[in-house]
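Report on the following structure.
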Amino acid sequence: MLTMQPLIAPKSLLPALAGFALSILSVSGATVPNPVSGDLFLGFRASGGLGGSQAYIVKLGRDTDAVFTTSGNITSVGNVGNDLTAKYGANWKTRDDLYWGVFGVRGLSGIPTLYASRERNTISTPATAWNPLVFSERSSTGNRINSVLNGLNGYRASTATANSTVGTFQNNSTEGSSYNFQVATAGTTDFGSLSQWQSIEGTFAFGTSGTALDLFKLTGDGDVGTNPTTLFGTFTINDSGVIRFTLPTVTPVDVDTDGDGFLDSEEAVAGTSPTNGADFFKVQSVVFGPSETTVSFNSIASRTYKIYYSQDLSPGSWTLIATQTIGPYSDTDPVRRARPKGFYRVIVSNP
Ligand SMILES: [Ca+2]
Ligand SMILES: [Ca+2]
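Going by my numbering, the first residue of the sequence shown is number 54, and it counts up by one from there.
Now the structure itself:
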């Protein structure tokens, strides 16, 4: 006698099936966020050995994000160190065949701005800036970067890693969307010959403390002579894989804060107040006395004052007549004092 099996599962099995479906979803992994204009990316690749068949690409954030307005660790990228260890081994931090670089593009549909890193030869010395690029060069290079981000098998819609919601492992290939292809093809510059970028990458041959990437921003309207290339900031990484961004060191602009005609730096030399417009270095008086001419000027300790004399202010007529460490100066020279007129000038230096 034939017994028919029910075509639908008994109710008691349904919770188990639902649980099974959920577990499948978590195994398949989340998708990385879509790239947007101005995004900056980190790329890691090994030229051989463990992990040599895949690149690791991490979205750092947009060039306008708050994280790039200050120096500090970039915490929005998850645990990059765990991903690097999983892909390239625990010794990733000292592998001489492991490379990293930073790249990005803004405004592909208009006049693109490009970002490309360059490793410092010496950790304490900024790298030489990339050459400016004209519009056509930036456009071509930007398209190659865009291919890595948005092309078929590129970053877009790829699966996030176990340790970073913005990181993905990408198979190395000869497609334009392959980061490894763009930066590691022998005999070419990175992201195409028009970029003129010999290599945007650093290596871990000298450990994490031995590599720093300066990120340069290439922009402009197409005329190389006016296209600025500026240092956007510097990326470093520690042995735990924590990425740090450091803003460029800004050289303070010398100003005349109190408007007395002397720059703050000049007032520092003279020892006068940079915030008091009535206090600045000057010859205060010249008094022709019975036996000496007294030249008064404001003086402080640890400075050198050189007194010059001219008969008529003509070019080349200034003569050094005294060097002192304090004012005033007393001129007793009978020849100078016998003249109907004469001029004194005082120059201060530190010390
Ligand atoms: Ca001043
Ligand atoms: Ca002053």
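Beta carbons are placed, not taken as given, at the ideal position from N, Cα and C, and that holds for glycine.
Please state the DSSP three-state secondary structure of residue i.
i	result
LEU373	strand
VAL89	coil
SER170	strand
LEU151	strand
GLU228	coil
PHE259	coil
SER217	coil
GLN235	helix
THR138	helix
LYS146	helix
ILE198	helix
VAL401	strand
PHE121	helix
LEU284	strand
ALA182	coil
PHE341	strand
PHE396	strand
ALA108	strand
May I have the straight-line CA-CA distance separating residue i from residue j, to the nearest angstrom?
i	j	result
GLY101	LEU316	57 angstroms
GLY125	ASP116	15 angstroms
VAL89	VAL201	13 angstroms
SER352	GLY314	18 angstroms
ALA108	ASP136	11 angstroms
THR310	LEU95	42 angstroms
ALA180	LYS140	29 angstroms
PRO35	PRO327	Past the edges of the chain, shown from 54 to 404, lies residue 35, and the structure says nothing about it.
GLY142	TYR208	23 angstroms
PHE121	PHE298	7 angstroms
ASP118	ILE360	56 angstroms
ARG392	GLY342	14 angstroms
LEU366	LEU284	47 angstroms
LYS112	ASN87	10 angstroms
THR385	SER344	7 angstroms
SER246	LEU93	21 angstroms
ALA331	SER177	42 angstroms
GLY163	THR194	14 angstroms
THR242	GLY324	54 angstroms
GLY286	PHE234	26 angstroms
GLN337	VAL306	30 angstroms
ASN403	ARG389	29 angstroms
ILE374	VAL340	17 angstroms
Using 10 angstroms around the beta-carbon of residue i, count the other beta-carbons present and answer buried if the total reaches 16, otherwise exposed.
i	result
GLY134	buried
SER355	exposed
GLY240	exposed
LYS270	buried
THR221	buried
THR128	exposed
PRO13	Look at the range of the chain in this structure, 54 to 404, and you will see that residue 13 is not part of it.
So, is the C-beta of residue i closer than 7 angstroms to a C-beta in chain D?
i	result
GLY229	Included in the structure is just one protein chain, with no chain D present.
Write down the C-beta distance between residue i and residue j rounded to the nearest angstrom, noting that I regard them as a contact closer than 8 angstroms.
i	j	result
ARG171	LEU266	7 angstroms
VAL219	VAL85	6 angstroms
ILE296	VAL130	6 angstroms
Of the choices the options, whose alpha-carbon is the least far from that of residue i?
i	options	result
ASN174	LEU137, THR264 and ALA213	THR264
GLY260	GLU319, SER177, SER193 and TRP145	TRP145
GLY157	LEU268, ALA213, ALA375 and ASN206	LEU268
LEU103	ASP150, THR214, LEU93 and SER129	ASP150
GLY82	VAL295, VAL340, SER217 and TYR232	SER217
ASN291	SER262, SER363, ASP386 and ALA182	SER262
THR138	THR214, ARG389 and ILE164	THR214
GLY380	ARG398, PHE234, GLY312 and PRO387	ARG398
PHE334	PHE222, THR346 and GLU320	GLU320
ASN132	PHE288, THR357, GLY294 and PRO387	GLY294
TYR232	LEU186, LEU205, GLN249 and THR282	LEU205
THR147	ALA99, THR241 and PHE244	ALA99
SER226	THR256, SER363 and GLY105	GLY105
SER363	VAL339, SER211 and GLY395	GLY395
VAL401	PRO165, PHE350, GLN251 and GLY91	PHE350
ILE110	GLY255, GLN223 and LEU167	GLN223
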